[in-house]
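J.: Mind having a look at this structure? Questions to follow.
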Amino acid sequence: MKKINIGLLGLGTVGMGTAKILIENKEIITKRTGVELRLKKAADIDLNKKRDVLFEKGTLTKEALEVINDDDIDIIVEMIGGKTIAKEFIIKALKNKKYVVTANKALLAEAGEELFELADKNKVDIAYEASVGGAIPIIKSLRESLAGNNITSVNGILNGTCNYILSKIANENIEFEEALAQAQVNGYAEADPNFDIEGFDTAHKTAIMASLAYGTKVNFEDIYIEGITGIAKIDIKYAKEFGYLIKLLAITKDLGNSIEARIHPTMIPIDNILSKIDGSLNAVSVFGDAVGELMLCGYGAGMMPTASAVVGDIIDIARNIIFNTKIRIPIAGFMQNQIKNKPVLSIDDILTNYYFRFFCIDKPNVLSQVAGILGSYGISIKSVHQKGRNPQEGVPVIIITHLAKEFEVKKALKEISALDIVLEKPVLIRIEDESETDTAAA
Ligand code: NDP
Ligand code: HSE
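For what it's worth, the numbering used here labels the leading residue of the sequence shown as 1, then goes sequentially.
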């Protein structure tokens with residue numbers, strides 16, 4: 001039986017999951033491919049860690065280069081992460097004309113173009129399904145299944161760690177730090193969890209996903225990013241009272257000559273399907289002119305779900321090797337000479353609904369001053385709620401708006417913050433509410 005040899009770099013969470021599937025599910029993989037996919041070598045800098053996989057004798061090494069330079073290895077699976085040594089290893093592998101599988105969204109978001117070009121030049125593929133949405137086949141969907149559509153929007157929950165934290169606080173009222181620690185123990189978080197909680201990981205995934213969807217190069221630096229560290233428990237509680245949950249959403253739209261791409265905590269109606277996406281689950285909603293709305297959901301992080309996507313990529317590449325069909329699908333989803341450079345809309349120009357929490361002195365005429373300033377910037381109020389009564393210390397005042405432009409909102413909040421009756425910096429959380437958008441469009 002023909003054998004395709006695989007070399008694995010990095011035996012951490014996802015690397016170990018990948019090894020486990022390749023070894024323990026060998027029989028089903030062979031039945032599906034007709035070849036033996038053999039994990040010939042696997043490298044990690046620490047071979048003393050206890051690992052619960054039965055590797056073939058001689059598989060493990062401390063030297064990644066020994067794997068990359070092995071002439072018998074066809075596919076290199078990079079599971080180290082980061083933008084330095086992982087990049088060097090991928091470049092070396094491509095130059096050695098080896099196919100590459102990676103889950104490294106940070107690297108792809110920032111150096112994808114360079115690596116894709118190098119792969120093209122060396123006539124080998126780079127597969128990266130696990131880089132966005134963990135187990136969810138969103139890359140395959142965008143590059144293959146939906147290739148006949150003009151795609152107009154792709155939105156979703158793309159970070160398992162943040163979704164786990166927000167769900168735990170909303171459902172179990174636990175503290176942020178405790179929820180983050182649990183996410184780390186479960187293997188969801190990045191080596192530096194600030195990438196997760198500050199929204200950068202979601203932005204890396206968004207850059208990859210939006211580029212594929214719209215055939216334009218989306219620079220990570222152009223994406224508006226706000227993570228979840230500024231979300232107070234009290235806002236999660238109030239959101240629920242008003243019929244919303246807070247999720248870290250990636251929102252992207254093709255606007256024709258520009259695209260929208262933003263990441264921020266977002267209130268979504270409790271009856272919205274994304275509100276049901278709990279814990280480390282991710283979900284992506286794609287709108288295409290032929291398909292309508294398509295929703296994909298699954299585990300976005302963790303050892304085995306992520307490794308499932310990695311092994312899917314290895315099998316795809318093995319099949320290409322068997323039939324000698326390299327780069328059958330353009331790596332970036334579009335023919336290279338068709339990829340555009342549309343600008344990303346500034347956050348100031350977006351139109352959405354807002355939740356504001358002001359902490360105000362509790363006395364007559366306060367609401368009219370706040371509402372007056374909002375009105376003077378054309379911001380229409382949908383509802384106002386004063387939480388409690390406390391003439392001595394002040395009270396939270398919640399205002400929910402109809403659709404408003406971010407630029408006007410910023411100016412209004414600056415003016416409101418300067419009022420003597422406002423005791424703390426106002427809180428702003430954007431709301432995505434389709435019923436409002438429909439009303440505005442009607
Ligand atoms: P881990 O930190 O768990 O694993 C990385 C492994 O690589 C560690 O064992 C590390 O060793 C090892 N390593 C570091 N440097 C080298 C080197 N020079 N040669 C060989 N091995 C090395 O990371 P994850 O498995 O969580 O993530 C891997 C990749 O997958 C990242 O790009 C990540 O963004 C991505 N990803 C992760 C997901 C998840 O749920 N965890 C989901 C989707 C994508 P040591 O620990 O000793 O430094
Ligand atoms: N740290 C990432 C997350 C891993 O929590 O979603 C999956 O990309």
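Just so it is clear, CB atoms sit at the ideal spot from N, CA and C, and this is done for glycine as well.
#1: Hey, would you say the C-beta of D201 is under 7 angstroms away from at least one heavy atom of the ligand HSE?
#2: Below 8 angstroms on the Cβ atoms is my guess for I73 versus I21; work out the distance and round it to an integer in Å.
#3: Between the stretch 207 to 216 and the stretch 118 to 137, do at least 3 Cβ pairs fall closer than 8 angstroms?
#4: Is the Cβ-Cβ distance between N159 and L248 less than 8 angstroms?
#5: Apply the 10 Å Cβ neighbour rule to M335 and answer buried if 16 or more other Cβ atoms are within range, or exposed otherwise.
#6: Is it buried or exposed, P265, if we count other Cβ atoms within 10 angstroms and call 16 or more buried?
#7: According to DSSP, simplified to helix, strand and coil, what is G298?
#8: Around the C-beta of T216, are 16 or more other C-beta atoms found within 10 angstroms, so that it is buried, or is it exposed?
#9: Apply the 10 Å Cβ neighbour rule to V14 and answer buried if 16 or more other Cβ atoms are within range, or exposed otherwise.
#10: Since T33 contacts I315 with CB under 8 angstroms, what's their CB separation in whole angstroms?
#11: Output the distance between the C-alpha atoms of E424 and E432, rounded to the nearest integer angstrom.
#12: Buried or exposed: I151, going by 16 or more other Cβ atoms within 10 Å of its Cβ?
#13: Can you list, in chain order, the residues of its chain whose CB lies under 7 angstroms from that of E113, leaving out five sequence neighbours each side?
#14: Indicate, with yes or no, if the ligand NDP has a heavy atom lying under 7 angstroms from the CB of S131.
#15: In three-state terms, what does DSSP make of H402?
#16: Kindly identify the DSSP beta-bridge partner or partners of N5.
#17: The ligand HSE: which residues have Cβ under 6 angstroms from any of its heavy atoms, chain order?
#18: With M267 as the anchor, note down where its beta strand (DSSP E) starts and where it stops.
#19: Under the criterion of a Cβ to heavy atom distance below 7 angstroms, does I21 qualify as lining the ligand NDP?
#20: Considering Cα atoms alone, identify which of K31, F359, G288 and G256 is closest to N341.
#21: Taking D44 as the reference, give the member of K62, L351 and T30 with the closest Cα.
T.: Inspection of the coordinates gives the following:
#1: Yes; taking the cut-off as 7 angstroms, the Cβ of D201 has a heavy atom of the ligand HSE nearer than that.
#2: Actually they do not touch by this definition, with Cβ atoms about 18 angstroms apart.
#3: With a cut-off of 8 angstroms, the stretch 118 to 137 and the stretch 207 to 216 count as touching, because enough Cβ pairs lie within range.
#4: With respect to the 8 angstroms criterion, N159 and L248 are classified as neighbours on the basis of their beta carbons.
#5: Exposed, because fewer than 16 other Cβ atoms sit within 10 Å of the Cβ of M335.
#6: Answer is buried; the Cβ neighbour count reaches 16.
#7: Residue state, collapsed to three classes: strand.
#8: Counting every other CB atom within 10 Å of its CB across the protein chains shown gives T216 a total of 16 or more, marking it as buried.
#9: Label assigned to V14: buried.
#10: Confirmed, about 6 angstroms.
#11: A straight-line Cα-Cα distance of about 25 angstroms links E424 and E432.
#12: That one is buried.
#13: Result list for E113: K217, in chain order.
#14: Yes, Cβ of S131 sits closer than 7 angstroms to a heavy atom of the ligand NDP.
#15: Three-state DSSP puts H402 in coil, outside helix and strand.
#16: Bridge partners of N5: R38.
#17: For the ligand HSE, residues qualifying as neighbours are G134, N159, G160, T161, Y188, A189, E190, D196, D201, G300 and A301, where qualification means a beta carbon closer than 6 angstroms to at least one of its heavy atoms (chain order).
#18: M267 -> beta strand (DSSP E) spans I259 to P269.
#19: Not under cutoff, so the answer is no.
#20: When each option's Cα is compared against that of N341, the closest is G256.
#21: The option with the nearest alpha carbon to D44 is K62.
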